[in-house]
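Chain order of the listed sequences is G and X.
In terms of my numbering, the first sequence opens at residue 15 and continues consecutively.
In terms of my numbering, the second sequence opens at residue 15 and continues consecutively.
Beta carbons are placed, not taken as given, at the ideal position from N, Cα and C, and that holds for glycine.
In what follows, a structure is listed as structure tokens, so that the remarks can point back to it.
There are 2 protein chains.
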Amino acid sequence: MSFELTECRLVYRKYFPFWDNLTDDQRGLLCSNTSTHRFAKGTNIHGIEDVCTGAILVISGCLRAYLLSENGREITLYRFNPGEVCMLSASCVLKSITFDVVIDAEEDSEVYIVRGDIMARVAQENLYVENYALDNAVKRFSDVVWVMQQIMFLSLDKRIAVFLWDEMSKTGSMEIKMTHEQIAKYISSAREAVTRMLKYFAGEGILELSRKGIRIIDKKKLRELIS
Amino acid sequence: MSFELTECRLVYRKYFPFWDNLTDDQRGLLCSNTSTHRFAKGTNIHGIEDVCTGAILVISGCLRAYLLSENGREITLYRFNPGEVCMLSASCVLKSITFDVVIDAEEDSEVYIVRGDIMARVAQENLYVENYALDNAVKRFSDVVWVMQQIMFLSLDKRIAVFLWDEMSKTGSMEIKMTHEQIAKYISSAREAVTRMLKYFAGEGILELSRKGIRIIDKKKLRELIS
Numbered sequence: 015m016s017f018e019l020t021e022c023r024l025v026y027r028k029y030f031p032f033w034d035n036l037t038d039d040q041r042g043l044l045c046s047n048t049s050t051h052r053f054a055k056g057t058n059i060h061g062i063e064d065v066c067t068g069a070i071l072v073i074s075g076c077l078r079a080y081l082l083s084e085n086g087r088e089i090t091l092y093r094f095n096p097g098e099v100c101m102l103s104a105s106c107v108l109k110s111i112t113f114d115v116v117i118d119a120e121e122d123s124e125v126y127i128v129r130g131d132i133m134a135r136v137a138q139e140n141l142y143v144e145n146y147a148l149d150n151a152v153k154r155f156s157d158v159v160w161v162m163q164q165i166m167f168l169s170l171d172k173r174i175a176v177f178l179w180d181e182m183s184k185t186g187s188m189e190i191k192m193t194h195e196q197i198a199k200y201i202s203s204a205r206e207a208v209t210r211m212l213k214y215f216a217g218e219g220i221l222e223l224s225r226k227g228i229r230i231i232d233k234k235k236l237r238e239l240i241s
Numbered sequence: 015m016s017f018e019l020t021e022c023r024l025v026y027r028k029y030f031p032f033w034d035n036l037t038d039d040q041r042g043l044l045c046s047n048t049s050t051h052r053f054a055k056g057t058n059i060h061g062i063e064d065v066c067t068g069a070i071l072v073i074s075g076c077l078r079a080y081l082l083s084e085n086g087r088e089i090t091l092y093r094f095n096p097g098e099v100c101m102l103s104a105s106c107v108l109k110s111i112t113f114d115v116v117i118d119a120e121e122d123s124e125v126y127i128v129r130g131d132i133m134a135r136v137a138q139e140n141l142y143v144e145n146y147a148l149d150n151a152v153k154r155f156s157d158v159v160w161v162m163q164q165i166m167f168l169s170l171d172k173r174i175a176v177f178l179w180d181e182m183s184k185t186g187s188m189e190i191k192m193t194h195e196q197i198a199k200y201i202s203s204a205r206e207a208v209t210r211m212l213k214y215f216a217g218e219g220i221l222e223l224s225r226k227g228i229r230i231i232d233k234k235k236l237r238e239l240i241s
């Protein structure tokens with residue numbers, strides 16, 4: 015559903031730095047074409063039907079953006095956390111972006127969506143809006159190159175160690191409740207290879223494996239694998 | 015060496031769409047900080063010493079931009095042909111770009127370089143310049159994702175076939191005068207794997223191998239591998 019102008023002003027002022035440079039008409043247009051949505055964990059939000067969904071602002075939860083190959087292989091590019099805006103779901107705004115990303119709700123999520131065609135219209139009129147959209151995309155460019163370097167240049171032990179370390183830091187817990195299959199998907203590797211490496215790590219006393227997932231028991235050793 | 019204002023105006027008007035939106039001061043500043051350079055084939059232009067070289071406009075020849083790992087592995091991201099501008103060598107202009115690319119002259123090349131710190135100053139004052147820099151980077155973002163998809167999703171036979179096809183189309187010749195080592199570098203694979211696949215292609219009557227390089231003898235079969 016779309017929302018009241020007062021609420022809209024608050025949200026835009028907080029998350030979109032171009033707000034102060036909009037005309038009243040542009041503000042009204044954006045607000046009347048911004049809507050709130052809730053997506054259950056695992057729901058596809060953008061990409062399978064390849065339309066210009068629009069700019070997606072995450073209020074709560076987490077979205078995952080990934081590339082999908084014809085035979086179903088995935089490469090996770092990045093995640094969007096609360097307060098972050100995804101512009102790659104607005105290909106009609108960013109005409110130079112010629113690839114398709116798929117975006118799923120990784121957790122139960124609440125988001126605001128600004129309609130793509132409306133955002134494109136305002137961006138065409140207002141250089142600040144276009145500038146914001148481009149800058150948002152360039153930031154993700156760096157993330158993607160980082161992923162590429164992880165995949166291409168790091169060996170598997172390092173890649174898994176980096177992933178576990180990041181998860182641990184993100185959740186603040188030594189318990190990582192994910193299957194080997196899920197980890198393999200995130201780091202774009204094969205499940206078998208991940209399982210073998212995790213068993214090797216368990217043998218080294220770095221972690222324990224159980225049905226529930228993984229428990230880190232030696233942070234120092236894990237850290238050493240990364241540096 | 016830097017060049018005359020008259021020549022500068024011509025070059026900027028032709029290659030930089032922001033020229034009409036600059037003040038006279040900004041025009042003078044850019045022109046007095048733009049210089050011409052010639053680089054012999056194989057010369058490193060940017061990246062090993064990690065400074066903000068600036069915007070590089072290719073006049074003749076060809077530049078190659080790539081990622082370099084600690085142990086010397088390379089991933090070619092894209093090439094710059096005459097008339098194209100590289101902004102990723104101006105990290106002080108594009109603050110959101112946090113990765114380092116290396117840029118070499120792939121052929122004998124003539125380029126114009128706009129000093130990075132000066133370009134950054136003008137971009138800070140003038141939204142059109144910043145916009146140009148961001149848009150230039152976003153275009154390369156799509157190229158990089160394409161490379162990533164080639165590497166991650168395509169199997170080796172397709173990757174080599176795509177490479178040979180592109181080279182053939184680019185040079186207009188059925189002869190590809192490159193070593194297997196060079197091809198392996200371009201497609202980010204191992205030399206042994208490339209040699210094996212080329213021998214397989216030769217066995218299939220797609221190409222002939224000799225000391226000089228590769229000669230395509232069946233374009234139709236090569237094309238079939240790609241589609």
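Check	Outcome
Step through the CB atoms of chain G and report whether any lies within less than 9 Å of the CB of residue 40 of chain X.	no
Beta strand (DSSP E) containing residue 227 of chain G: first to last residue?	227-230
Residues in the same chain with beta-carbon distance under 6 Å from residue 107 of chain G, minus the five sequence neighbours each way, listed in chain order, please.	133, 134, 137 and 147
Rounding to the nearest angstrom, what Cα-Cα distance links residue 225 of chain G and residue 196 of chain G in this structure?	14 Å
With a Cβ-Cβ cutoff of 9 Å, do residue 150 of chain G and residue 99 of chain G count as a contact?	yes
Looking at chain X, which residues of the stretch 99-113 of chain G have a Cβ within less than 7 Å of any of its Cβ atoms?	108, 110, 111, 112 and 113
Of all the options G/126, G/230, G/51 and G/43, which has the alpha carbon lying nearest to the alpha carbon of residue 187 of chain G?	G/230
Based on the DSSP output, what are the partners of residue 93 of chain G in its beta bridges?	G/78
With respect to the alpha helix (DSSP H) encompassing residue 58 of chain G, which residues constitute its N-terminal and C-terminal limits?	From DSSP, residue 58 of chain G is part of no alpha helix (DSSP H) but of the beta strand (DSSP E) over 58-60.
Taking C-beta pairs closer than 8 Å, name the residues in chain G that residue 140 of chain X reaches, listed in chain order.	The contacting residues do not exist; residue 140 of chain X stays about 10 Å from chain G at best.
Cα-Cα, which of X/121, X/143, X/184 and X/218 is closest to residue 238 of chain X?	X/218
Rounding to the nearest angstrom, what Cα-Cα distance links residue 50 of chain G and residue 21 of chain G in this structure?	11 Å
Is residue 179 of chain X close to chain G, meaning its C-beta is less than 9 Å from at least one C-beta of that chain?	no
Once the 5 residues before and after residue 33 of chain X are set aside, which same chain residues still bring their CB inside 7 Å of it?	26 and 27
Can you name the start and end residues of the beta strand (DSSP E) that residue 124 of chain X belongs to?	123-129
Where residue 109 of chain G and residue 210 of chain G are concerned, what is the direct C-alpha to C-alpha distance, given to the nearest angstrom?	43 Å
Starting from residue 147 of chain G, trace the alpha helix (DSSP H) in both directions and tell me its first and last residue.	141-167
Taking residue 119 of chain X as the reference, which of X/54, X/24 and X/228 has the closest Cα?	X/54
Kindly indicate which three-state DSSP category residue 68 of chain X falls into: helix, strand or coil?	strand
In three-state DSSP terms, what is residue 239 of chain G?	helix
Under DSSP, the beta strand (DSSP E) around residue 224 of chain G begins and ends at which residues?	221-224
Starting from residue 46 of chain G and walking both ways along the alpha helix (DSSP H), at which residues does that stretch end?	38-46
Check the Cβ of residue 235 of chain X against every Cβ in chain G and list those closer than 8 Å, keeping chain order.	Here the premise fails: no neighbours, minimum Cβ distance about 22 Å.
Considering only C-alpha positions, which residue in the set X/122, X/37 and X/93 is nearest to residue 200 of chain X?	X/93
Taking 9 Å as the threshold (beta carbon to beta carbon), is residue 15 of chain X in contact with chain G?	Because the pLDDT at residue 15 of chain X is just 47, under 50, the model does not fix this residue reliably, and the point stays unresolved.
Here's a check: name, in chain order, each residue in its chain whose Cβ is nearer than 7 Å to the Cβ of residue 15 of chain X, leaving out the five neighbours to either side.	Residue placement at residue 15 of chain X is flagged as unreliable, the pLDDT there being 47, under the threshold of 50; the coordinate-derived value follows with that caveat. So the qualifying residues of the chain are 49 and 50.
Using a beta-carbon distance below 9 Å, is residue 34 of chain G in contact with chain X?	no
Go ahead and pull the three-state DSSP assignment for residue 53 of chain X.	strand
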